[in-house]
Amino acid sequence: MSNLNANYERILEVLRKISKEQLLTYQRRKPKMSDLELITLSLTAEFMGVDSENDLFRNLPASFLAKIERSVYNRRRRNLVPHLEIIRLKLASFFNDFEDYFIIHSMPLEVCKLARSSRSRICKKDIYSAPNKGYCASQNSSYYGYKLHAICSVNGVFQSIDLCPAPVHDIHYLKNIKTQISDFTLIGDRRYLSAEVQLNLFETCNIKLNTPMRNNQNNYKKQPYIFRKKRKRTETLFSQLCDQFMIRRNYAKSFHGFKIRILSKITALTTIQYINTFIFDRNINNIKISII
């Protein structure tokens, strides 16, 4: 935790350029730690690999502990989720506003081991958001939890993200993106292969969906090499989320808490990408690097 203050100040410097200090309108009195400072503390912890609130508050400097206690931090952090997503999109807009090519991909997010799924109470408070059993073809294994869907630029900056139960097929996510973005080429793998969906995306929002064809299809054509190469960008990005940001490690007990953790980790990643590009002028995806 020796560099927490320095990392915190760097991230706060970035967020102050794109957002105001107080984000919630219903606060009756001015808190000692502003909303933006609270979000900054959350992102700093994610960047430094501290994903346990117990561990974070056990090692926080006295200057932070004098401003906020853990229960208040947790409650306010939950209330700030919509504003955290707005901040993520603002950071992403610096990279993606003029992009013509995006990549779509998904990854499994396990909430507990499959053997414990029948007796686990994690995220089961609300039936509509309860986790379920699913199968990951790339890992050739079953799991219990959710599926993270993401659309990112060819440079590796997340544009759109969503969570769904594990059994839901990937192609259903394409129905949700029509109201979010338009006028670009979307590169995916065979999971998104559908002539009907491809035509619908093009007619409704001018999205050209490009996926590999099956070998036994009529008029088979191999997907261009540049598209196949760029698809690997998302796999590297997900690996970085698993490695440094430990996105598959879950301490949440509710779906809302689980969602906050996922969003915080992705926002922290986008913030570091911004710092790499616009402050240090270095490789955007050098994530394991000092930002001081």
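All the letters of the sequence shown, read from the start, carry residue numbers 22 to 313 under the numbering used here. Heads up, the beta-carbon is just placed ideally off N, CA and C, and yes, glycines get one too.
Going by CA-CA distance only, name the one from the options that's closest to residue i.
| i | options | result |
| --- | --- | --- |
| Pro233 | Tyr149, Gln219 and Pro188 | Gln219 |
| Asn153 | Tyr167, Ala171 and Ser141 | Tyr167 |
| Asn95 | Lys111, Asp72, Ala158 and Ala113 | Asp72 |
| Tyr272 | Asn75, Arg49, Arg50 and Lys38 | Asn75 |
| Gln238 | Lys251, Arg252, Ser215 and Leu45 | Ser215 |
| Tyr149 | Lys88, Ala187 and Lys229 | Ala187 |
| Ala113 | Arg140, Ser311, Ala289 and Asn307 | Ala289 |
| Asn306 | Ser181, Gly177, Tyr213 and Phe299 | Gly177 |
| Thr255 | Ile125, Pro52 and Lys41 | Ile125 |
| Tyr295 | Lys280, Ser159 and Ile32 | Ile32 |
| Ser55 | Glu67, Ile281 and Arg37 | Arg37 |
| Ile192 | Leu169, Ser174, Ser203 and Phe179 | Leu169 |
| Asn86 | Arg98, Lys53 and Ala66 | Note on residue identity: the sequence assigns Leu, not Asn, to residue 86. Per the Cα distances, Lys53. |
| Gln201 | Leu222, Cys263 and Leu64 | Leu222 |
| Pro129 | Thr291, Arg269, Ile287 and Lys286 | Arg269 |
| Ser285 | Cys185, Glu106, Arg142 and Arg49 | Glu106 |
| Ile283 | Cys263, Ile300 and Arg49 | Cys263 |
| Val132 | Ser163, Phe248, Ile293 and Arg99 | Ser163 |
Taking the alpha-carbon positions, what's the residue i to residue j distance?
| i | j | result |
| --- | --- | --- |
| Glu120 | Phe205 | 8 Å |
| Ala151 | Asp302 | 43 Å |
| Met69 | Tyr246 | 36 Å |
| Ser127 | Arg91 | 33 Å |
| Leu81 | Phe259 | 29 Å |
| Ser139 | Tyr165 | 10 Å |
| Asp147 | Ile172 | 27 Å |
| Asn240 | Tyr194 | 27 Å |
| Asn231 | Lys88 | 51 Å |
| Asn297 | Thr291 | 10 Å |
| Asp183 | Lys51 | 33 Å |
What residue does the beta strand (DSSP E) around residue i start on, and which one ends it?
| i | result |
| --- | --- |
| Glu314 | The structure shown does not extend to residue 314, since the chain is modelled only from 22 through 313, so no value can be given for it. |
| Asn231 | Ile228 to Asn231 |
| Phe179 | Phe179 to Pro186 |
| Cys173 | Ser162 to Ser174 |
| Phe205 | Phe205 to Ile208 |
For residue i, count the other beta carbons within 10 Å of its own beta carbon; 16 or more makes it buried, fewer makes it exposed. Which is it?
| i | result |
| --- | --- |
| Asn304 | exposed |
| Asn117 | buried |
| His190 | exposed |
| Asn161 | exposed |
| Leu45 | exposed |
| Thr257 | exposed |
| Lys134 | exposed |
| Ile310 | exposed |
| Leu101 | buried |
| Ile313 | exposed |
| Tyr156 | exposed |
| Phe279 | buried |
| Arg97 | buried |
Under 8 Å by Cβ, that's how I've got residue i and residue j pegged, so tell me the actual separation to the nearest angstrom.
| i | j | result |
| --- | --- | --- |
| Thr225 | Lys199 | 5 Å |
| Cys144 | Phe266 | At roughly 20 Å, the Cβ-Cβ gap does not stay under 8 Å, so Cys144 and Phe266 are not in contact. |
| Ser181 | Ile108 | Actually they do not touch by this definition, with Cβ atoms about 15 Å apart. |
| Tyr122 | Ile228 | Not really, about 11 Å apart at Cβ, beyond 8 Å. |
| Glu42 | Leu64 | 15 Å between Cβ atoms; not a contact. |
Starting from residue i, follow the alpha helix (DSSP H) in both directions and report where the run begins and ends.
| i | result |
| --- | --- |
| Lys154 | Note, Lys154: premise wrong, no alpha helix (DSSP H); beta strand (DSSP E) at Asn153 to Cys157. |
| Gly278 | Phe276 to Phe299 |
| Ala83 | Ala83 to Leu86 |
| Asp56 | Asp56 to Phe68 |
| Asn80 | Glu74 to Asn80 |
| Val35 | Leu25 to Ile39 |
| Gln261 | Tyr246 to Asp264 |
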